[in-house]
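Residues in the sequence shown are numbered from 1 upward in steps of one, following full-length UniProt numbering.
Input: a single structure, listed below in structure tokens.
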Amino acid sequence: MLVLHLFYPVIATLSGLEYMNRTSIFVASSVFVASAFTLFCFSRLFQRPHVKKVSFKPSVPRFTLGDTSLPKVIELDKENLTLDFCTSICTLINISDYDTRQKLIISLHQASSFRRNFDVIRDSKCLELLLSLLDSTSGTLPGRQQNLNILHVVMNLACDQQNFPIIKGYLDDILLIANAVEYSDQACVALQVLGNIALTPDGCKLLRNKCGYLWNMLKMRDPYVLRNLLVVFVNLSCDIDCCGEILTQDPEEFMKTLEYSLSSSVPISVSLKMIALLNNLYSRMAEKQEASWKSSDFSFSSKSIANSLKNNCTLVKSWIMCLISSSKGPGELEFHLQKLASSLEKVGNLNIEL
């Protein structure tokens with residue numbers, strides 16, 4: 001008992017020390033955990049935001065929404081587009097910002113210069129997507145520029161009849177842009193689209209019921225827009241049915257445009273297109289007149305292009321003579337005028353010497 005009493009203060013002292021050590025360890029652990037948690041929170045607070053990437057199949061280049069230079073697209077093999085690659089471009093056009101979208105559309109324009117790419121651009125839905133992006137009511141510079149870039153692609157693809165079913169659904173938008181003469185750059189390209197469509201019988205059939213709308217556009221006096229419009233009519237007038245449709249149109253505005261186009265105040269390119277159109281119209285009238293004489297059933301509506309051209313052969317001749325006198329050199333003009341003279345003689349029984 002005496003021994004226990006002697007060692008009791010020592011045992012008590014040791015127990016106190018053990019308790020203090022445990023408490024210190026616990027406090028230190030708590031401080032460490034709190035510090036670690038604080039550092040973690042601060043690291044999350046100042047961490048750079050994660051940039052989301054848009055990835056495609058391994059065989060297709062990778063792009064990011066923030067990449068506006070798009071070197072992979074610029075350097076693509078524009079002569080041999082693949083369906084996978086074109087589909088990826090289509091996806092990116094749909095989700096990218098304005099500047100990136102324009103670069104992609106311009107790349108497609110370059111690729112559409114090669115006929116072998118027509119199928120993949122159509123099958124990848126790129127053509128339909130681009131047409132859906134046309135904004136015929138846009139008056140802003142970015143909107144007009146996008147229309148212009150898109151129409152350049154469609155102009156090339158309009159040379160392929162297999163694209164007509166897709167283009168058909170957006171013809172009204174293209175016509176409205178073509179009629180927006182205050183923006184002559186996009187109007188000219190829209191008319192070039194229509195001119196390419198009218199190169200084939202199926203294309204002429206597609207545009208036949210649009211002849212009246214196009215005819216009302218003849219009042220424009222912008223020489224570059226007018227030239228492209230006359231190209232459309234020259235192509236349409238090569239088709240018998242479309243030519244017949246043209247000959248039934250109201251002549252009032254046409255006769256004014258005819259006089260303007262055969263004047264010395266317009267570029268010779270406009271005059272040449274008008275002469276080519278006149279030749280097609282007069283040739284068709286002569287064929288119809290010759291066929292109708294046999295059945296004694298030849299007549300034109302009193303208010304039609306055909307009737308006005310027939311009754312004004314002398315006036316047309318005088319305009320042509322003025323054009324010849326003001327021309328610096330015959331060249332291509334003489335060739336077209338010789339053809340026109342032959343048609344005029346058949347219709348008006350005029351002896352025209354050129």
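Where is the CB? At the ideal position from N, CA and C, for every residue including glycine.
Take residue i and list the residues in its own chain whose beta-carbon comes closer than 8 Å to its own, dropping the five residues that flank it on each side.
i	result
residue 374	Nothing about residue 374 can be reported from this structure: the residues present for the chain run from 1 to 354 only.
residue 83	120, 123, 124
residue 116	79, 80
residue 240	284
residue 253	215, 216, 218, 219
Assuming the contact rule is C-beta atoms closer than 8 Å, residue i and residue j should be a hit. Round their C-beta distance to whole Å, please.
i	j	result
residue 102	residue 78	That pair is no contact at about 16 Å.
residue 176	residue 210	Incorrect: roughly 12 Å between the Cβ atoms, too far for contact.
residue 251	residue 324	The pair is not a contact, with the Cβ atoms about 24 Å apart (cut-off 8 Å).
residue 310	residue 285	7 Å
residue 340	residue 282	7 Å
residue 227	residue 181	Contact doesn't hold; Cβ gap of about 13 Å is too wide.
residue 136	residue 173	5 Å
residue 104	residue 93	5 Å
residue 127	residue 157	6 Å
residue 201	residue 266	Residue 201 to residue 266, Cβ: 31 Å. No contact.
residue 161	residue 203	7 Å
residue 245	residue 221	The Cβ separation is near 24 Å, so there is no contact.
For residue i, which residues from the same chain have a beta carbon less than 7 Å from its beta carbon, with the 5 sequence-adjacent residues on both sides left out?
i	result
residue 232	191, 194, 195, 198, 214
residue 308	251, 255
residue 59	With a pLDDT of only 33 at residue 59, under the threshold of 50, the placement of this residue in the model should not be trusted; the figure read from the coordinates follows. Cβ within range, chain order: 84.
residue 87	124
Using a Cβ-Cβ cutoff of less than 6 Å, which residues in the same chain neighbour residue i once the five nearest sequence positions on both sides are dropped?
i	result
residue 264	326
residue 159	196
residue 278	340
residue 179	217
residue 89	104
residue 114	79
Checklist entry - With contact counted as at least three CB pairs below 8 Å, one residue from each stretch, are the stretch 159 to 177 and the stretch 131 to 140 in contact? => result Contact between the stretch 159 to 177 and the stretch 131 to 140 is present, with at least three C-beta pairs closer than 8 Å.
Next on the checklist: As an exercise, report each continuous alpha helix (DSSP H) stretch of at least 4 residues that is fully enclosed by the stretch 242 to 318, in chain order.
Outcome noted: 252 to 261, 268 to 295, 305 to 311, all fully within the stretch 242 to 318.
Next on the checklist: Check whether the stretch 146 to 155 and the stretch 174 to 191 are in contact - that is, three or more C-beta pairs closer than 8 Å.
Outcome noted: Flag = yes, the stretch 146 to 155 and the stretch 174 to 191 touch.
Next on the checklist: Taking 8 Å as the cut-off, does the stretch 256 to 263 touch the stretch 203 to 214 (at least 3 CB pairs, one atom from each stretch)?
Outcome noted: no
Item to check | Complete alpha helix (DSSP H) runs within the stretch 202 to 240 (minimum length 4 residues, chain order) | outcome: 211 to 215, 223 to 236
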